[in-house]
Every structure is written in C-alpha cells, then in structure tokens.
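Novice: So the sequence shown is numbered by this note's numbering: it starts at 19 and just counts up by one. Just so you know, even glycine gets a beta-carbon here, dropped at the ideal spot from N, CA and C. Because the structure is a prediction, the values reported are computed rather than measured. Dropping a structure here in structure tokens format, bear with me for questions.
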Amino acid sequence: MTNFHSFRPGELWPDDHGVHINAHGGCLLRHGGKIYWYGEHKVEGRRGNLARVGVHVYVSDDYYNWRDAGIAFDVKNSGSTAVRPGCVIERPKVLFCPRTGKFVMYFHFERDSSYQDASIGIATADAPEGPFQLREITKINPGFWPENTPPELRDPARIAASAAKLNRISCGENPEAARGSILGACVPTGQDSRDMTLFVDDDGRAYLIYSSERNSTTHVAELTDDYLGRTGRFWRIFPFRWMEAPSLFKHNGKYYFIGSGCTGWAPNAARSAVADSLQGPWTELGNPAVDDGGELTYGAQSTWIEPLGGGRFLFMADIWRPDNAIDGRYLWLPVEFEGERPVLRAPREWSLESL
Ligand code: DGJ
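Shown next, in the form of structure tokens:
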C-alpha cells in the first residue's frame, strides 16, 4: 500500500500496486465510509483515446492512497453489443440512488471517433465496484423543448436551416450555431450530449449537465427519482458560449460552475459562473485559474468538484496526454474564494489538512 499524505498535482500517482492511476475524466463517490474514484481507463498511444477497456474504479479512505478495485464497467462485458472496444466512453459520473439502492453511472457515448452520436450511456450496478451493466444509450429529452427556449429558436426557417446541415456543423466555436436552431433541429430525436456531469441538489433531485447544440450551449436536465430517466424538464444555460468539461458545486446556497472552452484535448482558459438557481440565470465570473499558467488552466481541464464539508471543495481536472493517453495526469486543487468568486491557485504540493 502507498502512504501518501499530500496531493502532488501533475505527477505520476501510483495506486496500491505502484501503477499510475488510470481514471481519467472522472468523479468521486463517497459511500459506506469509503471514497470511490471512477474514470476512463486509457491505454498507451493515441489509440488510448478510445475506450479499449472501460471505466476503472479505485477505493480510498483518505483521498491520497488508492486501491485498484478493477474495471467497474467493462466494454467487453457491458450487457450490450452497442458498447465494444474502440467506442468512446468519456467522463463517467456515478451516483448512488437512495430510492432504488442502485449505483447509477452516466457517461458520454460515441460509437466511434467521428463523435457524431453525442449520446449518453447509462449503466447500473448493485455495488460501488460494479460490475455495471448498460441500461440505455440515448439522446436527451426527445420531443421536449427547454423551459427557457427563446422564441427565435422555435422559428421554422431557422430550424430547417440547421436540420439541413446538422452533421456538418462543427463542435468548435462556430457562428453558424447561433444563426440557426440546432436546438429545434434536435427536438424530434433528442438533444446532443457530449461533455457532461451529474449534480445532486440538497433536496435529492439529480441533474445531468451537458454540452449540447454542437457544444455551443450547456443544458441542465432534471432526472427522475430513480436517476435513470429524464423528466423532460430542462434548461439552456450559457447560450453560445461553447463550454466543455462542466463541473458544479453548491456553496452558501449558491450554485457554482467551473468548465472549459472547446479546444479538443488541448488546454484552454477555464470558465466559472455563479447562480441562485441551477436553471439560471448564471453570471460568469471569468477564469478561476488566476496565477501564472492559469491562461491554460495550468495545462488541465475540469472534471469534478467534490464537497469535503466545512465549506471546502476539491477541484479535479485532467492533464490530457492525447499522444500517449495512459500517461494523462491529474490536477487536484483546493477551490479557494476571493469574496464570492472561486479561484484556483497555481499547482503546488498540498494536503487537505492545510485547508
Ligand atoms: C474535450 C473533452 O473535454 C474531452 O472529454 C474529450 O471529448 C476531448 N475533447 C476529445 O477531443
């Protein structure tokens, strides 16, 4: 077993077998007195950017030392032929549903590297370490409109213009997105969902937050009580701001968002925002990475923010290594506050006890 007492952002992070932890784009789940870390299992080289193995899970008592608990969701044994080696499984997020006693995993799913499916995969397990079995691959809320849809996005001419070229509209910043109505074009089949996260509010209601409309706009979709379905209620936030890597937390009654811009695996300047309600309106607060190197978020991209109690929050991010995916590193930092603004200071070795 390892015996770490601090976080060392960006360095190799050995598990209990001395192997660099393999859980990228991940999340934490506290359950039964343990901490579980789920993330994408990567393999060597560029081929490692696709899902060759599945979702890895590690277990810890203290956030520093992690036991390898194996593959929680195995692409070769997922319960469905839709999921197979070489598909895309990104940003897995896991919740425990108190109502059903199930562990529920959501992830971004693509059949292949063309990234045209923009779907969500949902898998469940009876134990935190898995095995998770696939329940559904789907788009979001077919037939429904967001509750805060602006009238111009219901304009049939705009919808038709976007529908005619949907698969050709790029997922990077692109004025085309704001000229048409990708939203309206996607209502019949359901909305795109690429980078995503889950968030459970104080009342137990869970939400899926995802980059949609070809990444141009973030959506917040309410989940059913069993966390398996979408209720049909959803909202657009950050319209035409092209954000990825959403992560959220709640502090002193306010909702905080930290995400990124849209530059593939390359780092960019993080974004942050605050709101009184998840549904918005959200006020952007700028790049929370305020020190030198912060213009590229210290080389990292957000994936999860873990509440630690006592107003302390752990920001988790990935330093992607797309040329050798398995070598991707982790940047875990404390969320600090300047007034009401969350800030991420330059990476340094640190420990929870110092907060
Ligand atoms: C950036 C996203 O945040 C990652 O999860 C992944 O989808 C890459 N883009 C792929 O280029």
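Report the start-end ranges of each beta strand (DSSP E) in the region 176-206 that is 3 residues or longer and not cut off at the edges.
Specialist: none
Novice: Mark E371 as exposed unless 16 or more other C-beta atoms lie within 10 angstroms of its C-beta, in which case mark it buried.
Specialist: Translated into the one-based positions of the sequence shown, residue 371 becomes position 353. That one is exposed.
Novice: The beta strand (DSSP E) with F125 in it runs from where to where?
Specialist: Within the sequence shown, residue 125 is the residue found at index 107, counting from 1. Segment K120 to E128, the beta strand (DSSP E) holding F125.
Novice: What does the Cβ neighbour count give for M334, buried or exposed, with the cut at 16 atoms within 10 Å?
Specialist: To locate residue 334, count along the sequence shown from 1; it is residue 316. Label assigned to M334: buried.
Novice: Taking any heavy atom of the ligand FMN as the mark, which residues have a C-beta closer than 6 Å to it, listed down the chain?
Specialist: Looking at this structure, you won't find the ligand FMN anywhere; what it does contain is the ligand DGJ.
Novice: Kindly indicate which three-state DSSP category G304 falls into: helix, strand or coil?
Specialist: As a working note, residue 304 is residue 286 in the sequence shown. G304 falls in the coil class under three-state DSSP.
Novice: Tell me, to the nearest whole angstrom, how far the beta carbon of P360 is from that of Y274; I am working on the premise that it is less than 8 Å.
Specialist: By 1-based counting over the sequence shown, the position of residue 360 is 342. By 1-based counting over the sequence shown, the position of residue 274 is 256. Contact flag correct, Cβ pair sits at about 6 Å.
Novice: Got a sec, what are the start and stop residues for the beta strand (DSSP E) T156 sits in?
Specialist: Taking the sequence shown and counting its residues from 1, one reaches residue 156 at position 138. That run of the beta strand (DSSP E) goes Q151 to T156.
Novice: Give the straight-line distance between the Cα atoms of V292 and T321, rounded to the nearest whole angstrom.
Specialist: As a first step, residue 292 must be located in the sequence shown, where it is residue number 274. As a first step, residue 321 must be located in the sequence shown, where it is residue number 303. Their backbone Cα atoms lie some 17 Å apart in a straight line.
Novice: Quick one: Cα of T167 to Cα of T215, how far?
Specialist: On the sequence shown, residue 167 is found 149 positions in, with the first residue counted as 1. On the sequence shown, residue 215 is found 197 positions in, with the first residue counted as 1. When rounded, the distance between both Cα atoms is 22 Å.
Novice: Taking the alpha-carbon positions, what's the P149 to A175 distance?
Specialist: Taking the first residue of the sequence shown as 1, we reach residue 149 at position 131. Taking the first residue of the sequence shown as 1, we reach residue 175 at position 157. Looking at the two C-alpha atoms, the distance is approximately 47 Å.
Novice: Decide yes or no for the touch test of the region 294-304 against the region 246-260: beta carbon pairs closer than 8 Å, at least 3 of them.
Specialist: yes
Novice: To the nearest angstrom, how far is it from the Cα of S234 to the Cα of N21?
Specialist: Numbered from 1 along the sequence shown, position 216 holds the residue referred to as residue 234. Numbered from 1 along the sequence shown, position 3 holds the residue referred to as residue 21. Roughly 43 Å separates the two Cα atoms.
Novice: Expressed to the nearest angstrom, what Euclidean distance is found between the alpha-carbon atoms of S375 and L171?
Specialist: Because the chain in this structure spans residues 19 to 373, residue 375 falls outside the shown range and cannot be described.
Novice: In or out: M123 buried (at least 16 other Cβ within 10 Å) or exposed?
Specialist: In the sequence shown, residue 123 corresponds to position 105, counting from 1. Answer is buried; the Cβ neighbour count reaches 16.
Novice: With which residues is I107 paired in a DSSP beta bridge?
Specialist: Along the sequence shown, read from residue 1 onward, the residue named residue 107 stands at position 89. F127, per the DSSP bridge assignment.
Novice: For L314, tell me which candidate among G329, A288 and E324 has the shortest Cα-Cα distance.
Specialist: As a first step, residue 314 must be located in the sequence shown, where it is residue number 296. Of G329, A288 and E324, the residue nearest in Cα terms is A288.
Novice: Please give me, in chain order, every unbroken run of the beta strand (DSSP E) with length at least 3 that falls completely inside the region 52-95.
Specialist: 52-58, 72-78 and 85-92
Novice: Could you say which of D243, E358, V353 and N342 lies nearest to K120 if we only look at CA atoms?
Specialist: Position 102 of the sequence shown holds residue 120. That would be D243, whose Cα lies nearest to the Cα of K120.
Novice: Ignoring anything shorter than 4 residues or poking outside the region 331-367, list the alpha helix (DSSP H) runs there in chain order.
Specialist: none
Novice: Just checking my contact of A17 with R212 at CB under 8 Å: how many whole Å lie between their CB atoms?
Specialist: This structure does not reach residue 17, given that the chain is present from 19 up to 373, and the question cannot be answered.
Novice: Could you give the C-beta distance for P325 and F267, rounded to a whole number, given that I count them as a contact under 8 Å?
Specialist: The residue you call residue 325 lines up with position 307 of the sequence shown. The residue you call residue 267 lines up with position 249 of the sequence shown. At roughly 6 Å, the Cβ-Cβ gap stays under 8 Å, so P325 and F267 are in contact.
Novice: Please determine, among G277, M261 and G63, the residue with the shortest C-alpha to C-alpha distance to C189.
Specialist: Taking the first residue of the sequence shown as position 1, residue 189 is located at position 171. Comparing Cα-Cα distances from C189 to each of G277, M261 and G63, the minimum goes to M261.
Novice: Determine the direct distance from the alpha carbon of I323 to that of A87, and round the result to whole angstroms.
Specialist: Along the sequence shown, read from residue 1 onward, the residue named residue 87 stands at position 69. Along the sequence shown, read from residue 1 onward, the residue named residue 323 stands at position 305. Cα-Cα distance, rounded: 22 Å.
Novice: What residue ranges within the region 248-300 form continuous alpha helix (DSSP H) runs of no fewer than 4 residues, ordered along the chain?
Specialist: If we require 4 residues or more, the region 248-300 turns out to have no alpha helix (DSSP H) run fully inside it.
Novice: Based on the DSSP output, what are the partners of E165 in its beta bridges?
Specialist: What you label residue 165 is simply residue 147 of the sequence shown in a count that begins at 1. Answer is none; E165 lacks a bridge partner.
Novice: Roughly how many angstroms separate the alpha carbons of N40 and W55, rounded to a whole number?
Specialist: Translated into positions along the sequence shown, residue 40 becomes position 22. Translated into positions along the sequence shown, residue 55 becomes position 37. Computed Cα separation, rounded: 10 Å.
Novice: Rounded to a whole number of angstroms, what is the C-alpha to C-alpha distance between V106 and D130?
Specialist: In the sequence shown, residue 106 corresponds to position 88, counting from 1. In the sequence shown, residue 130 corresponds to position 112, counting from 1. Rounded to the nearest angstrom, the two C-alpha atoms are 6 Å apart.
Novice: For V218, which residues of its own chain have a beta-carbon under 7 Å away from its beta-carbon, when the five flanking residues on both sides are left out?
Specialist: For the purposes of this step, residue 218 is taken as residue 200 along the sequence shown, with counting starting at 1. The beta carbon of V218 is closer than 7 Å to those of L113 and A224 in its chain, skipping five residues each way along the sequence.
Novice: Taking 8 Å as the limit between beta carbons, can you name the residues of its chain near G43, skipping five residues before and five after?
Specialist: In the sequence shown, residue 43 corresponds to position 25, counting from 1. Residues of the same chain with a CB within less than 8 Å of the CB of G43, apart from the 5 flanking positions on each side, are G57, E58, E108, R109, P110, T321 and D336 in chain order.
Novice: Taking A100 and I155 to be in contact with their CB atoms under 8 Å, please state how far apart those CB atoms are, rounded to whole angstroms.
Specialist: By 1-based counting over the sequence shown, the position of residue 100 is 82. By 1-based counting over the sequence shown, the position of residue 155 is 137. Between I155 and A100 the Cβ distance is about 6 Å, and since that is below 8 Å, they are a contact.
Novice: Among D345, L349 and R363, whose alpha-carbon lies nearest the alpha-carbon of G66?
Specialist: Locating residue 66 in the sequence shown gives position 48, counting from the first residue. With distances taken between Cα atoms, G66 lies closest to D345.
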